[in-house]
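Q: In terms of the numbering used here, the sequence shown opens at residue 11 and continues consecutively.
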Amino acid sequence: MKGMNNPPSATEVQNPLLATRTGAFELPPFAAIEPGHFRPAFDRALAAHRAEIDVIAANPAAPSFDNTIAALEKSGRELESVANVFFVLAGADTSDEIEAIERDVSPLLARHNNAFYLNRTLYARIAALYAERETLNLNAEQARVLERYHTRFVRAGAALEKPAQERLAAINERLASLGTQFGQNVLADEKSFVMLLDEGDLAGLPDFARAAASAAAEERGEPGKYAITLARSSIETFLQFSSRRDLRERAFQAWIRRGENGGATDNRALIAEMVALRAERARLLGFASFADYRLDDQMAKTPAAARRLLDEVWGRARAKAAGERDALQALIAKEGGNFALAPHDWRYYTEKLRKAKFDLDEAEIKPYFQLDKMIEAAFEAARRLFGLNFAPVAAPLYHPDARAWEVTDAQGRHVALFIGDYFARSSKHSGAWMTALRDQEKLSGDIRPIVLNVCNFSKPAAGEPALLSFDDARTLFHEFGHALHGMLSNVTYPLLAGTAVPSDFVELPSQLYEHWLEVPQILERYARHARTGQPMPKALLDRLLATRTFNQGFATVEYTACALVDLDLHSLADSGGLDVTEYEREDLERIAMPPEIVMRHRLPHFQHLFSGGGYAAGYYSYMWSEVLDADAFAAFEETGDAFDPATAKRLRDYVYSAGNLRDPGAAYEAFRGRLPTVDALLKKRGLTEVGAGTE
Ligand SMILES: [Zn+2]
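#1: Could you check what DSSP says for T704 in three-state terms: helix, strand or coil?
#2: CB L341 to CB T557, shorter than 8 angstroms?
#3: Using a threshold of 7 angstroms, is the CB atom of E596 nearer than that to any non-hydrogen atom of ligand 1?
#4: So what's T509 in DSSP terms, helix, strand or just coil?
#5: With respect to 7 angstroms, is the separation between the Cβ of H488 and the closest non-hydrogen atom of ligand 1 below this value?
#6: Curious, which full-length alpha helix (DSSP H) runs of at least 4 residues does the region 361-395 contain?
#7: Is the Cβ-Cβ distance between A237 and A227 less than 8 angstroms?
#8: What's the gap between the Cα of F480 and the Cα of R260?
#9: Quick test of your reading: E270 and T649, contact by CB under 8 angstroms. State the CB separation rounded to the nearest angstrom.
#10: Could you tell me if the beta carbon of S513 falls within a distance shorter than 7 angstroms of some heavy atom in ligand 1?
#11: Between the alpha carbons of M497 and R364, how many angstroms are there, rounded?
#12: Would you list the one or two residues that DSSP bridges to N348?
#13: Pair every Cβ in the region 46-55 with every Cβ in the region 429-440, then say whether three or more of these pairs are closer than 8 angstroms.
#14: How many whole angstroms separate the CB atoms of I385 and L427, which I take to be in contact at a CB cut-off of 8 angstroms?
#15: Quickly, what does DSSP pair L453 with across the bridge? List them, please.
#16: Can you give me the start and stop residues for the beta strand (DSSP E) that F428 sits inside?
#17: What is the DSSP secondary structure of I460, reduced to helix, strand or coil?
#18: State the start and end residues of the unbroken beta strand (DSSP E) segment that holds T402.
#19: Report the partner residues of P545 according to the DSSP bridge assignment.
#20: I'd like the ranges of any alpha helix (DSSP H) spanning at least 4 consecutive residues and lying wholly in the region 98-154.
#21: Assuming T6 and S437 make a contact with CB atoms under 8 angstroms, what is their CB distance in whole Å?
#22: Under 7 angstroms: does the beta carbon of S631 sit that close to some heavy atom of ligand 1?
#23: May I have the straight-line CA-CA distance separating L691 from A510, to the nearest angstrom?
#24: Using beta-carbon positions only, say whether S244 and G214 come within less than 8 angstroms of one another.
#25: Just to confirm before moving on: does the CB-CB distance between F564 and W356 stay below 8 angstroms?
#26: Return the first residue and the last residue of the beta strand (DSSP E) that V417 is part of.
#27: Are the beta-carbon atoms of K235 and L207 separated by less than 8 angstroms?
#28: Identify every run of the beta strand (DSSP E) within the region 184-210, keeping only runs that are complete inside it and at least 3 residues long; order them along the chain.
#29: Would you check if the distance between the CB atom of A179 and the CB atom of N124 is smaller than 8 angstroms?
#30: Give the range of the alpha helix (DSSP H) segment to which R708 is assigned.
#31: Which residues in the same chain have their Cβ closer than 6 angstroms to the Cβ of A331, if we skip the five residues on either side of it in sequence?
#32: Kindly examine ligand 1 and report whether one of its heavy atoms sits closer than 7 angstroms to the Cβ of E517.
#33: Per DSSP, L477 forms a beta bridge with which residues?
#34: Just checking, does the region 160-168 make contact with the region 93-100 on the three C-beta pairs under 8 angstroms criterion?
#35: Give the list of continuous alpha helix (DSSP H) stretches no shorter than 4 residues that lie fully inside the region 237-273.
#36: Note down the Cα distance separating R553 from E374, rounded to an integer number of angstroms.
Structure representation (structure tokens):
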């Protein structure tokens, strides 16, 4: 449909973002794309999509599935293609120019989205179809697409009266700017704190930590000094290794007070306003609280269901953490210390205990985890599970470090193009993620996906193999699990493709895939020493795997407290006059938070909840997905074969290839034959050997 209404002008024809893709695998012509091409391409693509929507909404013919839902599914292709290229670059290979375009374009896209979902004429057609859905002779997938469109429009407020819609639009805009401000305040507090140290203050720090602190000081114009900053990698390393209790306390206090320091960067008033606006938005849409609104369209469905899971874990996590605390306190006593373990001591004594207990040295493990071998390992697991093959191809990409593989099935048919972009660089955002240049669909021909994994592993010196930590290797498998969810997708309608599932279900394919890194058939074959080629000695492997449940009481408490406070705060029907510090204190007291542990993210800097709304009332999602992944892997373990073909086929049919074809609960039940239980998660986190605690 693209370009039907406005024939492109001569300059637009020359814009490589708008040209028909003719190269290998129909990749964007990256070499020809310049930042200056994006704004005109966005303008044209937005206008084209608007025109398409207007035609659909104004169609004089009575609404039909074809002239409304299928037409919407076919619209906006140009916009999607331009946006996909842009956001791949904005994440993985950005620049000042790209960042300026991003600030420029983001509000345009938000407004476009708002106008789409609050379009009453369009909604009237969708609602009419939905009302007569039983008589439309739709197949199961068409019925699901129609239901998803209807739900999305209703949840956005399309069915409300005009004044309520206007209020909703105002709330959305206000929430967006508050969210931006929140994130910038946290960043400002992080930037303004730096602890400058001298050589004599570095007791306990290993060489790599000294080198990083020295570089951080140099960057701040303090050569010869050492700087500890509030970046997680800097502060956590310092807390883990520094034997200077006074300095640990100073740095820790600054870390947990981000967003709570008074003045212009204090986030507490912003939180109070955001929580109130979210509650008002939920009320306008007919829900008792924001948590009720948010979870209604998740797998959990209700805050009570999410809370049941968190409560089940919470008592056990506290009991395990109490045991860990006692062991740390005993270590302090053994060293002649005469003080009670404080939050700023936990990581330091845990590191000591870990060394003593498992005798594990990072330098001993790393040579066994070569990046190229771990990529092969992830591919091998996909071959055994799903019959996929991966062949490297020379394709023109956006950066020389990015590599591509053609993915084919057991019959040699093209499945997807997979792009791996693994090394850190200054033009790349931190973290690791999966994204796509093209999603799978069958509405406009058999369109196969182009999927990316972007990571931030350290790039080795020329000629040296890239080595990963065990955590890095797990990250690689995690992102590859997301990639498979995109690549194996087998649906007709784009709305349902691949990872377009609720956020408490989307981490199942990724977290589940992490399990295959640890199965013997994979580790024995691919964890080989970079220099000698020898497999990892069994004793070392055993020690490595044995650390999996170490300190999990702490990790589970630190996480679960956040998820509980998030749910409580967003369950408030009326948050008038909210005092954020006081609320957090009271709520932690109510759940009996151990005093030696602080929330992983305290409210004044809890960016998942307030810097954008991605995980507001949804921080429980990680654990919800973990219940699923632990239980799903147990399905393989029960057969005695980590690659059991029948289980793998069900997994492919109902999870990896199914996108959002079914309600996630129904999809899981179809795979497993029953709903998940929490047992496997408790075992995975080592929470079964402790009592259920006091609540
Ligand atoms: Zn993930």
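Just so you know, even glycine gets a beta-carbon here, dropped at the ideal spot from N, CA and C.
Values in this document were obtained by computation on a predicted structure and should not be read as measured data.
A: Concretely, from the data shown:
#1: One-based indexing of the sequence shown puts residue 704 at position 694. Because the pLDDT at T704 is just 32, under 50, the model does not fix this residue reliably, and the value given afterwards should be weighed accordingly. Reduced to three states, the DSSP call for T704 is coil.
#2: Your numbering for residue 341 matches position 331 in the sequence shown. Your numbering for residue 557 matches position 547 in the sequence shown. No; because the gap between Cβ atoms is not below 8 angstroms, this pair is not in contact.
#3: Position 586 of the sequence shown holds residue 596. No.
#4: Counting from 1 along the sequence shown, the entry for residue 509 is found at position 499. Note: T509 maps to coil in three-state DSSP.
#5: Position 478 of the sequence shown holds residue 488. Yes, ligand 1 has a heavy atom inside 7 angstroms of this Cβ.
#6: 372-375
#7: Translated into positions along the sequence shown, residue 237 becomes position 227. Translated into positions along the sequence shown, residue 227 becomes position 217. Their beta carbons are under 8 angstroms apart, which means A237 touches A227 by this criterion.
#8: The sequence position of residue 480 within the sequence shown is 470, counting from 1. The sequence position of residue 260 within the sequence shown is 250, counting from 1. Separation of F480 and R260 (C-alpha to C-alpha, rounded to the nearest whole angstrom) is 31 angstroms.
#9: In the sequence shown, residue 270 corresponds to position 260, counting from 1. In the sequence shown, residue 649 corresponds to position 639, counting from 1. Actually they are not in contact, since the Cβ atoms of E270 and T649 sit about 51 angstroms apart, beyond 8 angstroms.
#10: The sequence position of residue 513 within the sequence shown is 503, counting from 1. No, the beta carbon of S513 sits no closer than 7 angstroms to any heavy atom of ligand 1.
#11: Within the sequence shown, residue 497 is the residue found at index 487, counting from 1. Within the sequence shown, residue 364 is the residue found at index 354, counting from 1. Distance between the alpha carbons of M497 and R364: 39 angstroms.
#12: As a first step, residue 348 must be located in the sequence shown, where it is residue number 338. The partner list for N348 (beta bridge, DSSP) is empty, contrary to what the question assumes.
#13: no
#14: In the sequence shown, counting from the first residue as 1, residue 385 sits at position 375. In the sequence shown, counting from the first residue as 1, residue 427 sits at position 417. With a Cβ gap of about 15 angstroms, I385 and L427 do not count as contacting.
#15: Translated into the one-based positions of the sequence shown, residue 453 becomes position 443. Answer is G455.
#16: For the purposes of this step, residue 428 is taken as the residue at position 418 of the sequence shown. Run containing F428: 424-433, per the beta strand (DSSP E) assignment.
#17: Locating residue 460 in the sequence shown gives position 450, where the first residue counts as 1. Strand.
#18: Walking along the sequence shown from the start, residue 402 turns up at place 392. Looking at the sequence shown, residue 402 is not Thr but Pro. Per DSSP, P402 belongs to the beta strand (DSSP E) from 399-403.
#19: Sequence index remark: in the sequence shown, residue 545 carries index 535 (1-based). P545 is bridged to R538.
#20: 106-127, 130-141
#21: A question about residue 6 goes unanswered here, because the residues of the chain that appear run from 11 up to 705.
#22: Position 621 of the sequence shown holds residue 631. Result no, Cβ not under 7 angstroms from ligand 1.
#23: Position 681 of the sequence shown holds residue 691. Position 500 of the sequence shown holds residue 510. Straight-line Cα distance between these residues: approximately 25 angstroms.
#24: Position 234 of the sequence shown, counted from the first residue, corresponds to residue 244. Position 204 of the sequence shown, counted from the first residue, corresponds to residue 214. Not closer than 8 angstroms, so no.
#25: Counting from 1 along the sequence shown, the entry for residue 564 is found at position 554. Counting from 1 along the sequence shown, the entry for residue 356 is found at position 346. A contact, by the Cβ cut-off of 8 angstroms.
#26: Position 407 of the sequence shown, counting from 1, holds the residue named residue 417. Start and end: 413-418.
#27: Counted from its first residue, the sequence shown places residue 235 at position 225. Counted from its first residue, the sequence shown places residue 207 at position 197. Against a cut-off of 8 angstroms, the Cβ pair of L207 and K235 comes out as a contact.
#28: The qualifying runs are 205-207.
#29: On the sequence shown, position 169 is the one that residue 179 refers to. On the sequence shown, position 114 is the one that residue 124 refers to. Against a cut-off of 8 angstroms, the Cβ pair of N124 and A179 comes out as a contact.
#30: Because residue 708 is not part of the residues shown, which for the chain are 11 to 705, the question remains open.
#31: Stepping through the sequence shown from its first residue, residue 331 is reached at position 321. Same-chain partners within the cutoff: G563, F564, V567, P604.
#32: Residue mapping note: residue 517 aligns to position 507 of the sequence shown, counting from 1. Answer for E517: yes, Cβ within range of ligand 1.
#33: To locate residue 477, count along the sequence shown from 1; it is residue 467. BP columns for L477 point to Q380.
#34: no
#35: 242-251, 255-266
#36: Against the sequence shown, residue 553 aligns to sequence position 543. Against the sequence shown, residue 374 aligns to sequence position 364. Answer to the nearest angstrom: the Cα atoms are 12 angstroms apart.
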